[in-house]
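Engineer: Structure below; questions to follow.
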Amino acid sequence: MKRKFLLIALLAVVSLGYSQKKWSLRECVDTALNKNITVQQNKLNLLLAEKDVAIAKGNFLPSVNGSSGGNFRSGLSQDENGVLKNTNNVSANFGINVNGTIFNGYRNLNTYKQAKLGVESSKLTLAKIENDISLFVVNGYLNVLFAKENLGVAKVQAEISSKQVDAAKSRFEAGVIPRGDLLNVESTAANDAQNVITQENILNIALLNLAQLLQVPYEGFDVLGIEVGSPSERLLYANSNMVYEKALETQPQIKNAELGIKNADLSIEISKSFLKPTVSYNLGSSTSYFNQLNNLFPGQTNESFFDQLNNRLQHGVGISVNIPIFNGFQNKNNVAKSILNKDAAQLALDSEKLNLQQTIEQAYLDTKAASKSYEAAKISLDSQREAFKNAQERYNFGAMSLFDFDLVRNRLVSAESTLIRAKYDFVFKTKVLQFYYGELNLN
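451 is the number that our numbering gives the last residue of the sequence shown; the numbers go up by one with no jumps.
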């Protein structure tokens, strides 16, 4: 019983520790990459591509095959005098053959090179998927932090409203303000309290979305804060072309498209190899065994099994040349088709470059606009804070109506929310540019 109690207590502690765990951005990204089904599928594709390399490498080796057979025959057969006799015979044969290619237009070599390109292509495809997932996680992580800051602002406003209710009650009881003003203050406090609940729900949804992206339980899930602070409005890069030129060197989809052209070149060479002669060799050894079971001549015996195998052993060596002459223009058309596939691969590379350039140009403009919005939001918040400070003093001295005071306070709340939104929007768009430049740091 004591052991059972200790086990339950230990499990409770572990469960509590897990529920209190806060995930870092790096942990979130690593977990998403480890559990994502698409990533797992492409890892299997990489293993399959590596097996294709092993298969292509095996084309350089000869094929070795063994054969054997046995027969039993019963019926009339001629003896050495030509007399037909009813005999029962057992026979067997054994052989081994080695076949290989001496020359086939470098088809095996180019197939091996193509298989190795397949491995590199699979790695780059996997890297592209991992990059996309990493960006999704970063966005989800920042959404959680954004929701937390909004919730913090909502709680501060609710606390201010609660204090204003207490102050309004005192002023109402002293006969300074009418009951209507007190009711308006209480209504504002109720709305602010409701906004806290709304922001808590938004935060819970952001946490749920991130937990589902990581495929981890939502209960008790939380993330560590990142000191976003006040980011500089200055852009990290002078222009979009600077980011694009760097992205051409780092982005896996571009490298993969370039591999597509190399793969197409090898396909052309493989197609041309069928227009060239193929030289192959054949090595073989065989032997046999025969045993007559009845009607042997006087003094006649069957030679022993191993003696027969040794005496009947034969060896052979052969070389064959296959010269293509005409096959309905199949080889010629396959070469032409391979050349067209190379043109398609070149167009695919051009398309990837164009898409990348357009994406980066759009991301750069978005970041530039987000920077200006963030700068304007900071100026606006500073002004609204000063205005609220003055309004609060005037309201406390009875020089401002509650209606006008609420207008000023609502503008301050709106300015704070706008700044938070602008800040995280600017931070994420900056990270997108860092990602394309190859400088995204997840730690």
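For glycine and all other residues, C-beta sits at the position ideal for the given N, C-alpha and C. Values in this document were obtained by computation on a predicted structure and should not be read as measured data.
1. Between T133 and N264, which are expected to be in contact by the criterion C-beta below 8 angstroms, what is the C-beta distance as a whole number of angstroms?
2. As a quick exercise: from K171, N199, E227 and M408, pick the residue whose alpha carbon is nearest that of N212.
3. At what residues does the beta strand (DSSP E) containing F337 begin and finish?
4. Within 10 Å of its beta-carbon, does V72 have 16 or more other beta-carbons around it, so buried, or fewer, so exposed?
5. With 16 other CB atoms within 10 Å as the buried threshold, where does T119 fall?
6. May I ask you to report which of helix, strand or coil DSSP gives A407?
7. Which residues in the same chain have their Cβ closer than 8 angstroms to the Cβ of E138, if we skip the five residues on either side of it in sequence?
8. Need the endpoints of the alpha helix (DSSP H) that L291 sits in, please.
9. Using three-state DSSP, classify R417 as helix, strand or coil.
10. What is the DSSP secondary structure of R81, reduced to helix, strand or coil?
11. Confirm, please, whether the CB-CB distance from G326 to G103 is below 8 angstroms.
12. Mind checking who S75 pairs with in its DSSP beta bridge?
13. Select from S248, T426 and R81 the residue whose C-alpha is nearest the C-alpha of E157.
14. Whether or not the stretch 399-417 and the stretch 350-360 are in contact is what I'm after, with contact meaning three or more pairs of Cβ atoms, one per stretch, closer than 8 angstroms; do they touch?
15. How is F111 classed by DSSP in three states: helix, strand or coil?
16. In terms of residue numbering, what span does the beta strand (DSSP E) encompassing I333 cover?
17. So what's K30 in DSSP terms, helix, strand or just coil?
18. Note down, in chain order, each residue of its chain lying with its Cβ closer than 7 angstroms to the Cβ of Q354, except the 5 sequence neighbours on either side.
19. Does I387 come out as helix, strand or coil in the three-state DSSP assignment?
20. Is the stretch 164-173 touching the stretch 193-201, taking contact as three or more C-beta pairs under 8 angstroms?
21. For R34, does the count of other Cβ atoms within 10 angstroms reach 16, so buried, or fall short, so exposed?
22. Would S99 pass as a contact of F298 if the rule is Cβ separation under 8 angstroms?
23. In the DSSP output, what is T95 paired with across the bridge?
24. Give me the Cα-Cα distance between V37 and E257, rounded to the nearest whole angstrom.
25. Going by the DSSP bridge assignment, what does G324 pair with across the sheet?
26. Quick one: Cα of A20 to Cα of T39, how far?
27. Where L274 and Q122 are concerned, what is the direct C-alpha to C-alpha distance, given to the nearest angstrom?
28. Are the beta-carbon atoms of N67 and T286 separated by less than 8 angstroms?
29. Start and end of the alpha helix (DSSP H) containing Q207?
30. What does the Cβ neighbour count give for S23, buried or exposed, with the cut at 16 atoms within 10 Å?
31. When the Cα of G324 is compared with those of A64, V106 and N50, which residue comes out closest?
32. Compare the C-alpha of L232 against each of V152, A135 and S381 and name the closest.
33. When the Cα atoms are used, what is the spatial distance from N330 to T109?
34. For L69, report the span of its alpha helix (DSSP H) as first-last.
35. DSSP on V184, reduced to helix/strand/coil?
36. Taking N310 as the reference, give the member of N318, L301 and A64 with the closest Cα.
Structural biologist: Let's see:
1. Along the sequence shown, one-based indexing puts residue 133 at 125. Along the sequence shown, one-based indexing puts residue 264 at 256. That belief holds up - the Cβ atoms of T133 and N264 are roughly 6 angstroms apart, short of 8 angstroms.
2. Taking the sequence shown and counting its residues from 1, the one referred to as residue 212 is at position 204. N212 has its Cα closest to that of E227, out of K171, N199, E227 and M408.
3. On the sequence shown, residue 337 is found 329 positions in, with the first residue counted as 1. Careful: F337 lies outside any beta strand (DSSP E) and carries neither H nor E.
4. The residue you call residue 72 lines up with position 64 of the sequence shown. Flag for V72 reads exposed.
5. Translated into the one-based positions of the sequence shown, residue 119 becomes position 111. Classification for T119: buried.
6. Position 399 of the sequence shown, counted from the start, is the residue given in the question as residue 407. Here A407 sits in coil by DSSP.
7. Walking along the sequence shown from the start, residue 138 turns up at place 130. Hits under 8 angstroms: L41 and V47.
8. Position 283 of the sequence shown holds residue 291. Per DSSP, L291 belongs to no alpha helix (DSSP H); it is in the beta strand (DSSP E), T286 to Q300.
9. Looking up residue 417 in the sequence shown gives position 409. Note: R417 maps to helix in three-state DSSP.
10. Translated into the one-based positions of the sequence shown, residue 81 becomes position 73. Three-state result, R81: strand.
11. Here residue 103 refers to the residue found at position 95 of the sequence shown. Here residue 326 refers to the residue found at position 318 of the sequence shown. It is not a contact, given that the beta carbons lie outside the stated cut-off.
12. Position 67 of the sequence shown holds residue 75. According to DSSP, which records beta bridges pairwise, S75 is partnered with G103.
13. Translated into the one-based positions of the sequence shown, residue 157 becomes position 149. For E157, the nearest C-alpha among the options comes from T426.
14. no
15. Translated into positions along the sequence shown, residue 111 becomes position 103. Three-state result, F111: strand.
16. Against the sequence shown, residue 333 aligns to sequence position 325. Here I333 belongs to no beta strand (DSSP E), and DSSP marks it neither H nor E.
17. Reading the sequence shown from its first residue, position 22 is the one you call residue 30. In the structure shown, K30 sits in coil (DSSP, three-state: anything other than H, G, I, E or B).
18. As a first step, residue 354 must be located in the sequence shown, where it is residue number 346. Same-chain partners within the cutoff: I269.
19. Position 379 of the sequence shown, counting from 1, holds the residue named residue 387. Looking at I387 - three-state DSSP - the assignment turns out to be helix.
20. yes
21. Here the question's residue 34 lines up with position 26 in the sequence shown. R34 should be labelled exposed.
22. For the purposes of this step, residue 99 is taken as residue 91 along the sequence shown, with counting starting at 1. For the purposes of this step, residue 298 is taken as residue 290 along the sequence shown, with counting starting at 1. Yes.
23. Locating residue 95 in the sequence shown gives position 87, counting from the first residue. Looking at the DSSP assignment, T95 forms a beta bridge with G83.
24. Locating residue 37 in the sequence shown gives position 29, counting from the first residue. Locating residue 257 in the sequence shown gives position 249, counting from the first residue. Cα to Cα, the separation comes out at about 23 angstroms.
25. For the purposes of this step, residue 324 is taken as the residue at position 316 of the sequence shown. Answer is G292.
26. Locating residue 20 in the sequence shown gives position 12, where the first residue counts as 1. Locating residue 39 in the sequence shown gives position 31, where the first residue counts as 1. At A20 the pLDDT is 44, less than 50, meaning the model places this residue with poor confidence and gives no usable figure here.
27. In the sequence shown, the residue the question calls residue 274 occupies position 266. In the sequence shown, the residue the question calls residue 122 occupies position 114. Approximately 6 angstroms between the Cα atoms of the pair.
28. As a position in the sequence shown, residue 67 is number 59, starting the count at 1. As a position in the sequence shown, residue 286 is number 278, starting the count at 1. Not closer than 8 angstroms, so no.
29. Counting from one through the sequence shown, the residue named residue 207 turns up at place 199. Taken as a continuous stretch (DSSP letters only), the alpha helix (DSSP H) holding Q207 covers R187 to L222.
30. On the sequence shown, position 15 is the one that residue 23 refers to. Any reading at S23 must be qualified, since the residue scores a pLDDT of 44, below 50, and its modelled position is unreliable; no value is offered.
31. As a first step, residue 324 is located in the sequence shown; it is residue number 316 there, counting from the start. Checked all of A64, V106 and N50; the closest Cα to G324 is V106.
32. As a first step, residue 232 must be located in the sequence shown, where it is residue number 224. Looking at the Cα atoms, V152 is the closest of the given residues.
33. As a position in the sequence shown, residue 330 is number 322, starting the count at 1. As a position in the sequence shown, residue 109 is number 101, starting the count at 1. Answer to the nearest angstrom: the Cα atoms are 11 angstroms apart.
34. Start at 1 with the first residue of the sequence shown, and residue 69 comes out as number 61. No alpha helix (DSSP H) holds L69; DSSP gives it neither H nor E.
35. Translated into the one-based positions of the sequence shown, residue 184 becomes position 176. Three-state DSSP puts V184 in coil, outside helix and strand.
36. Stepping through the sequence shown from its first residue, residue 310 is reached at position 302. Of the candidates N318, L301 and A64, the one whose C-alpha sits nearest the C-alpha of N310 is L301.
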